[in-house]
Amino acid sequence: MNGELPTIGMPSLEQLFRGVTPEVGRILERALAEEEIQPEEAECLFQAQGVDLLALMAVADELRRRQVGDRITFVKVRNINFTNVCYTGCQFCAFGLPRQDPEAYTFSIQEVVAQAVEAWEWGCTEVCMQGGLNPQLGGEIYFQLVAAIKERLPEIHIHAFSPFEIQYASQILGQPVETILRRLKDLGLGSIPGTAAEILDTEVRRILTKNKLSAEAWVEIITTAHRIGLPSTATIMYGHVDEPRHWAAHLDLLRRIQRETGGFTEMVPLGFIHEKTQLYASGQARPGPTGMESVKMHAVARLMLGWDIPNLQVSWVKLGRAMSQLCLQAGANDFGGTLINERISRMAGATTGQYLPPEEMERLILDMGRIPAERTTLYQIVHEGPRHYDPSRPATMRPFEPVRQPITLNS
Ligand code: SF4
Numbered sequence: 061m062n063g064e065l066p067t068i069g070m071p072s073l074e075q076l077f078r079g080v081t082p083e084v085g086r087i088l089e090r091a092l093a094e095e096e097i098q099p100e101e102a103e104c105l106f107q108a109q110g111v112d113l114l115a116l117m118a119v120a121d122e123l124r125r126r127q128v129g130d131r132i133t134f135v136k137v138r139n140i141n142f143t144n145v146c147y148t149g150c151q152f153c154a155f156g157l158p159r160q161d162p163e164a165y166t167f168s169i170q171e172v173v174a175q176a177v178e179a180w181e182w183g184c185t186e187v188c189m190q191g192g193l194n195p196q197l198g199g200e201i202y203f204q205l206v207a208a209i210k211e212r213l214p215e216i217h218i219h220a221f222s223p224f225e226i227q228y229a230s231q232i233l234g235q236p237v238e239t240i241l242r243r244l245k246d247l248g249l250g251s252i253p254g255t256a257a258e259i260l261d262t263e264v265r266r267i268l269t270k271n272k273l274s275a276e277a278w279v280e281i282i283t284t285a286h287r288i289g290l291p292s293t294a295t296i297m298y299g300h301v302d303e304p305r306h307w308a309a310h311l312d313l314l315r316r317i318q319r320e321t322g323g324f325t326e327m328v329p330l331g332f333i334h335e336k337t338q339l340y341a342s343g344q345a346r347p348g349p350t351g352m353e354s355v356k357m358h359a360v361a362r363l364m365l366g367w368d369i370p371n372l373q374v375s376w377v378k379l380g381r382a383m384s385q386l387c388l389q390a391g392a393n394d395f396g397g398t399l400i401n402e403r404i405s406r407m408a409g410a411t412t413g414q415y416l417p418p419e420e421m422e423r424l425i426l427d428m429g430r431i432p433a434e435r436t437t438l439y440q441i442v443h444e445g446p447r448h449y450d451p452s453r454p455a456t457m458r459p460f461e462p463v464r465q466p467i468t469l470n471s
């Protein structure tokens, strides 16, 4: 011994990937050759671990680079969850409460407009509105909200009302879904959230929502919206009673819808937040996805959907900042919205905060060696490059004005 440490040869990338199992390697090679990934292949990728998982992430990142480049986009948006009164009783939801609950609230139309005006003055280009199905408000509330905001802010983009809310308005007003959607669009609704999709599988939905909005109804409402020119997001809520076979089938269904309508603006995986939900308390669900399940969800979504739905968003509210960065390294390209006043995940136990300032988003994006870019809801670039983050001073988490205490009006 001459006292020198033995040199350890570092494996090359090729050597690292030589450890990939043959089945995973074959699927990843097909993905790199830009061939279509089938649901059973996606199901196999959802089982990836170790080197297989690292290779999956690398291939998803490579496809992301080819499909959308190195920008990571975000949108300045305020969430307005205008009421949390809801009697639907979805097992996975901790947001909806009966009217008598001390935490129940309903904003008046004036309150909602005031919040939208504040958002516009803060530089937001979008308001995102969703609420509980509050029987006191009636079905006309959806039109009144859109009309009132547009009257004050004709240029703001209103992204609002899940397919569940659209179905509810249709049922209580006795008007077809298409009529509801056309009326909303004529008043200035810009797009709808593709939430309430959860897992588009009857067996899973029976446990989650007692099938109150069936998978077929979700598809019907979304495709109708797309057909009349209202785009939507695409979502999946994973990590509860679901399994990889459901995820693969769900992604495949979204891909088929997109090929038919072209109406999805982006794909947004939403991990289940379990803490305060009945679904978890009753022992039916696991406690949300693991970190690796979230990484795989984003990576496989890139492989399956990237050529049809190029934008893949991380939900930082569900993932937190660190996991969001990891998923943005595994196929995702969008940081989502600043989401001032997000309440739905927070009520379910999410502790990741309800506001991510643009300077902090830019700092996290620059930290990854990527290019921050502010976008509109429909992915037009407002500004490319850092505009808010100043490396000479610590990133602030300056809160916006706290929202006023909710009051009950709208009787
Ligand atoms: S998910 Fe929506 S419809 Fe279901 S209980 Fe929660 S607020 Fe109500």
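Under this note's numbering, the sequence shown has 225 at position 165, and the numbering climbs by one with no breaks.
Each residue gets a CB set at the ideal place from its N, CA and C atoms; glycine is no exception.
Since this is a predicted model, take the numbers as computed values, not measurements.
In this structure, the CA atom of residue 154 is about 5 Å from the CA atom of residue 337. Assignment of residue 374 by DSSP, reduced to helix, strand and coil, places it in the coil class. At least one heavy atom of the ligand SF4 lies less than 7 Å from the C-beta of residue 149. The Cβ atoms of residue 328 and residue 251 lie no closer than 8 Å to each other. Note: residue 219 is bridge-paired with 188, 251 in the DSSP secondary-structure output. Taking the Cβ of residue 155 as the reference point, at least one heavy atom of the ligand SF4 falls within a distance shorter than 7 Å. Where residue 261 is concerned, there is no enclosing alpha helix (DSSP H), because DSSP gives it neither an H nor an E. Assignment of beta-bridge partners to residue 298 by DSSP yields 331.
For residue 134, the beta-bridge partners assigned by DSSP are 434. Around the beta-carbon of residue 230, 16 or more other beta-carbon atoms lie within 10 Å, marking it buried.
Residue 173 is positioned such that its CB atom lies closer than 8 Å to that of residue 208. In its chain, beyond the 5 residues on either side, 284 have a beta carbon closer than 6 Å to the beta carbon of residue 238. Looking at the backbone, the Cα of residue 213 and that of residue 137 are separated by about 14 Å. In terms of side-chain proximity, the C-beta atom of residue 146 is found nearer than 7 Å to a non-hydrogen atom of the ligand SF4. A contact is defined here as three or more CB-CB pairs under 8 Å, and the stretch 96–110 meets this definition with respect to the stretch 299–312. In this structure, DSSP gives residue 306 a helical state, which the three-state scheme calls helix. Put simply, the backbone Cα of residue 366 is about 42 Å away from that of residue 159. For residue 397, DSSP records a beta bridge to 135. Residue 295 is not a Cβ neighbour of residue 438, given a cutoff of 8 Å. Counting other Cβ atoms within 10 Å of its Cβ, residue 117 reaches 16 or more and is therefore classed as buried. Counting only residues of its own chain and dropping the five nearest sequence neighbours on each side, residue 227 has a CB closer than 8 Å to the CB of 237, 273, 277, 281.
Per DSSP, reduced to three states, the secondary structure at residue 80 is coil, with no helix or strand assignment. Counting along the chain, residue 173 sits inside the alpha helix (DSSP H) bounded by residues 169–181. By the CB criterion at 8 Å, residue 135 and residue 194 fall outside the cutoff.
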